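Visitor: Residue numbers (the UniProt record's numbering): 1 to 430. We treat Cβ as the ideally placed atom computed from N, Cα and C, and that holds for glycine. Source: prediction; values computed, not measured.
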């Protein structure tokens, strides 16, 4: 079966500030015009054409190419790939440290994402820091320890180029769920905020999060951890996903409106996708309503799990050692609904932005590439073999691993967009 995420045509928009776009324009003209003189047939009489004829002659031999969609493609073997390890990178948490805990195979590290019709360059820390120079990036984490683009998973690579200051303690005493680094050489700040539901959430278990405790979500109130900080950031990356499989009770305007898988009597059952969509709607609304916010907002799309041979709580595991091919898997069921729901909210926010504030939104569409990597999860290698663990982990990702590619997607979206032209030999007499 051919992979088919959905029939949604994902929106795109320019990322570069207007100032940079104007500066790039003269270079584009030079690059386009120089090859014209090289390809003109010397036998053509050099007669001064009319202006109309000149313009027609030039542009009839050019066509504007549609930018390559880097999010559609396949994984190809890349045997010479180099990667950081648990020994060289102290930032990898145990939950995702597959090499540390003895994963025997390493082939999952030797694949490269190949888009259809173009190439996706490897992550370049220097290039990233130059693009982000003088900026600040906020990353709202959906999972504790989840390695969202440019955070811990390639932070070590960035550390080799520039030595940041850990300034977390200046802003919070919680240095586990919230982190902040400053790169003085580039005047760049990187921050992460753990907000798994994006909106205000209260656990019914006073002892903290458990696998089955019911979460109370206030769908119209953002999680303050990120909302009170976001206004001063230049790039904001948000995501949410697997936590919405939990039992949840939904509130709006302080009133109970229903629940998902809560099992409570006299409470209306509402699809979990309603709460999921509302969480993104509230998050985008906050960004659109903040008068001081002028940043670029990235939505990192849903990351599917890969449980096989049973569900997560009944023997499910993920023991594959190679990626899926393009014809082997497709997004379906709950995962497809999560994806479609968040993209619909993204589209609505982008439309509202175009009609009002002109904020920039970018879709960091990691879903298809992630769907094709059942081999990239810790399974039993996210903890010591001596630790008694009831469940296998087929949701989080090994680090290093497939999700290092998310960084490459991100830097692609952060680059200024320049129209690409192709040309062919001028027709005689054009």
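If you check the beta carbons only, do residue 410 and residue 237 fall under 9 angstroms apart?
Guide: Within the chain shown, residue 410 is the residue found at index 410, counting from 1. Within the chain shown, residue 237 is the residue found at index 237, counting from 1. Yes, Cβ-Cβ distance for residue 410 and residue 237 is below 9 angstroms.
Visitor: Evaluate residue 35 with the Cβ neighbour count: other Cβ atoms within 10 Å of its Cβ, from every protein chain shown; 16 or more gives buried, anything less gives exposed.
Guide: Within the chain shown, residue 35 is the residue found at index 35, counting from 1. Residue placement at residue 35 cannot be trusted, given a pLDDT of 30 that sits under 50; the coordinates are not used to answer.
Visitor: Would you please state the rounded distance, in angstroms, between the beta carbons of residue 404 and residue 123? I believe it to be under 8 angstroms.
Guide: Looking up residue 404 in the chain shown gives position 404. Looking up residue 123 in the chain shown gives position 123. Residue 404 to residue 123, Cβ: 7 angstroms. Contact.
Visitor: Rounded to a whole number of angstroms, what is the C-alpha to C-alpha distance between residue 181 and residue 165?
Guide: One-based indexing of the chain shown puts residue 181 at position 181. One-based indexing of the chain shown puts residue 165 at position 165. Cα to Cα, the separation comes out at about 5 angstroms.
Visitor: Could you tell me which uninterrupted alpha helix (DSSP H) segments, each at least 4 residues in length, are contained entirely in the UniProt domain "Trichome birefringence-like N-terminal" (67-119), listed from first to last along the chain?
Guide: With a minimum length of 4 residues, no continuous alpha helix (DSSP H) run stays inside the UniProt domain "Trichome birefringence-like N-terminal" (67-119).
Visitor: Hey, could you find the ends of the alpha helix (DSSP H) residue 406 is sitting in?
Guide: As a working mapping, residue 406 is identified with position 406 in the chain shown. Unbroken alpha helix (DSSP H) run through residue 406: 404-414.
Visitor: Considering residue 171, what are the terminal residues of the alpha helix (DSSP H) in which it resides?
Guide: Mapped onto the chain shown, residue 171 falls at position 171. Neither: residue 171 is in no alpha helix (DSSP H) and is coded neither H nor E.
Visitor: Using the Cα positions of residue 272 and residue 71, report the straight-line distance between them to the nearest angstrom.
Guide: As a working note, residue 272 is residue 272 in the chain shown. As a working note, residue 71 is residue 71 in the chain shown. The straight-line gap from Cα to Cα measures roughly 27 angstroms.
Visitor: Residue range of the beta strand (DSSP E) that residue 179 falls in?
Guide: Sequence index remark: in the chain shown, residue 179 carries index 179 (1-based). Run containing residue 179: 178-183, per the beta strand (DSSP E) assignment.
Visitor: Under the rule that 16 or more other beta-carbon atoms within 10 Å means buried, what is residue 214, buried or exposed?
Guide: For the purposes of this step, residue 214 is taken as the residue at position 214 of the chain shown. Burial call: buried.
Visitor: Can you give me the Cβ contacts of residue 80 inside the same chain, cut-off strictly under 6 angstroms, excluding the 5 residues immediately before and after it?
Guide: Translated into positions along the chain shown, residue 80 becomes position 80. Closer than 6 angstroms at the Cβ level, and outside the excluded window around residue 80, lies no residue.
Visitor: Report all residues from its chain with a CB closer than 8 angstroms to the CB of residue 248; omit the five preceding and five following residues, and keep chain order.
Guide: The sequence position of residue 248 within the chain shown is 248, counting from 1. Excluding residues within five positions, the ones whose Cβ falls inside 8 angstroms are 214, 215, 216, 217, 259, 260, 261, 262, 272, 275.
Visitor: Could you give the first and the last residue of the continuous alpha helix (DSSP H) run that contains residue 436?
Guide: Within the shown structure, residues of the chain are numbered from 1 to 430, placing residue 436 beyond reach of any answer.
Visitor: Taking Cβ positions, are residue 301 and residue 212 nearer each other than 9 angstroms?
Guide: If you number the chain shown from 1, residue 301 lands on position 301. If you number the chain shown from 1, residue 212 lands on position 212. Going by C-beta atoms, residue 301 is not nearer than 9 angstroms to residue 212.
Visitor: Ordered along the chain, which non-local residues of its own chain (more than five positions away) have a Cβ less than 6 angstroms from that of residue 234?
Guide: Counting from 1 along the chain shown, the entry for residue 234 is found at position 234. Counting only Cβ-Cβ distances below 6 angstroms, and skipping sequence neighbours, we find 135, 136, 295.
Visitor: Report yes if the C-beta distance between residue 282 and residue 198 is below 9 angstroms; otherwise report no.
Guide: Within the chain shown, numbered from 1, the residue matching residue 282 stands at position 282. Within the chain shown, numbered from 1, the residue matching residue 198 stands at position 198. Cβ distance < 9 angstroms, so residue 282 and residue 198 count as in contact.
Visitor: Please state whether DSSP places residue 338 in a helix, a strand or coil.
Guide: For the purposes of this step, residue 338 is taken as residue 338 along the chain shown, with counting starting at 1. Of the three classes helix, strand and coil, the one that applies to residue 338 here is helix, per DSSP.
Visitor: Kindly indicate the opening and closing residues of the beta strand (DSSP E) around residue 293.
Guide: Against the chain shown, residue 293 aligns to sequence position 293. No beta strand (DSSP E) contains residue 293, which DSSP labels as neither H nor E.
Visitor: If we count Cβ pairs, one from each stretch, closer than 8 angstroms, do we get three or more for the segment 250-257 versus the segment 381-394?
Guide: In short, these stretches do not touch, since the Cβ pair count stays below three.
Visitor: In or out: residue 277 buried (at least 16 other Cβ within 10 Å) or exposed?
Guide: Position 277 of the chain shown, counting from 1, holds the residue named residue 277. Under this definition residue 277 is a buried residue.
Visitor: Count the other CB atoms, across all protein chains shown, that sit within 10 Å of the CB of residue 110; report buried if there are 16 or more and exposed otherwise.
Guide: In the chain shown, counting from the first residue as 1, residue 110 sits at position 110. That one is exposed.
Visitor: Which residue from 89, 201, 225 puts its Cα closest to that of residue 138?
Guide: Counted from its first residue, the chain shown places residue 138 at position 138. The candidate whose alpha carbon is nearest that of residue 138 is 225.
Visitor: DSSP on residue 268, reduced to helix/strand/coil?
Guide: The residue you call residue 268 lines up with position 268 of the chain shown. Three-state result, residue 268: coil.
Visitor: Can you list, in chain order, the residues of its chain with a C-beta nearer than 6 angstroms to that of residue 252? Leave out the 5 residues immediately preceding and following it.
Guide: Within the chain shown, residue 252 is the residue found at index 252, counting from 1. So the qualifying residues of the chain are 219, 220.
Visitor: With a threshold of 6 angstroms on Cβ separation, who are the neighbours of residue 402 within its own chain once the five nearest residues in sequence on each side are excluded?
Guide: Residue mapping note: residue 402 aligns to position 402 of the chain shown, counting from 1. Within the same chain, residue 402 has close Cβ partners 373, 376.
Visitor: Under a three-way DSSP split, which group does residue 249 fall into?
Guide: If you number the chain shown from 1, residue 249 lands on position 249. Of the three classes helix, strand and coil, the one that applies to residue 249 here is strand, per DSSP.
Visitor: So, with DSSP's three-state summary, where would you put residue 132?
Guide: Locating residue 132 in the chain shown gives position 132, where the first residue counts as 1. Here residue 132 sits in helix by DSSP.
Visitor: Opposite residue 191 in the DSSP bridges: which residues?
Guide: Reading the chain shown from its first residue, position 191 is the one you call residue 191. Note: residue 191 sits in a beta bridge opposite 138, 180.
Visitor: Any idea what DSSP makes of residue 395, helix, strand or coil?
Guide: To locate residue 395, count along the chain shown from 1; it is residue 395. Residue state, collapsed to three classes: coil.
Visitor: Residue 230: which of 356, 207, 243, 284 sits nearest, CA to CA?
Guide: For the purposes of this step, residue 230 is taken as the residue at position 230 of the chain shown. For residue 230, the nearest C-alpha among the options comes from 284.
Visitor: By how many angstroms is the C-alpha of residue 74 removed from the C-alpha of residue 326?
Guide: Within the chain shown, numbered from 1, the residue matching residue 326 stands at position 326. Within the chain shown, numbered from 1, the residue matching residue 74 stands at position 74. The straight-line gap from Cα to Cα measures roughly 6 angstroms.
Visitor: For residue 98, I'd like the list of residues in its chain whose CB is within less than 6 angstroms of its CB, leaving aside the five on either flank, ordered along the chain.
Guide: As a position in the chain shown, residue 98 is number 98, starting the count at 1. Excluding positions up to five away in sequence, the list reads 378, 381, 398.
Visitor: Is residue 283 helix, strand or coil when you go by DSSP?
Guide: On the chain shown, position 283 is the one that residue 283 refers to. Residue 283 falls in the helix class under three-state DSSP.
Visitor: What's the gap between the Cα of residue 393 and the Cα of residue 100?
Guide: To locate residue 393, count along the chain shown from 1; it is residue 393. To locate residue 100, count along the chain shown from 1; it is residue 100. Each residue's Cα considered, the two are about 16 angstroms apart.
Visitor: Applying the criterion that 16 or more other CB atoms from any shown protein chain within 10 Å of the CB defines a buried residue, is residue 416 buried or exposed?
Guide: As a working mapping, residue 416 is identified with position 416 in the chain shown. Flag for residue 416 reads exposed.
Visitor: Is it true that the CB of residue 192 sits closer than 9 angstroms to the CB of residue 179?
Guide: Taking the chain shown and counting its residues from 1, one reaches residue 179 at position 179. Taking the chain shown and counting its residues from 1, one reaches residue 192 at position 192. Result yes, Cβ atoms of residue 179 and residue 192 sit closer than 9 angstroms.
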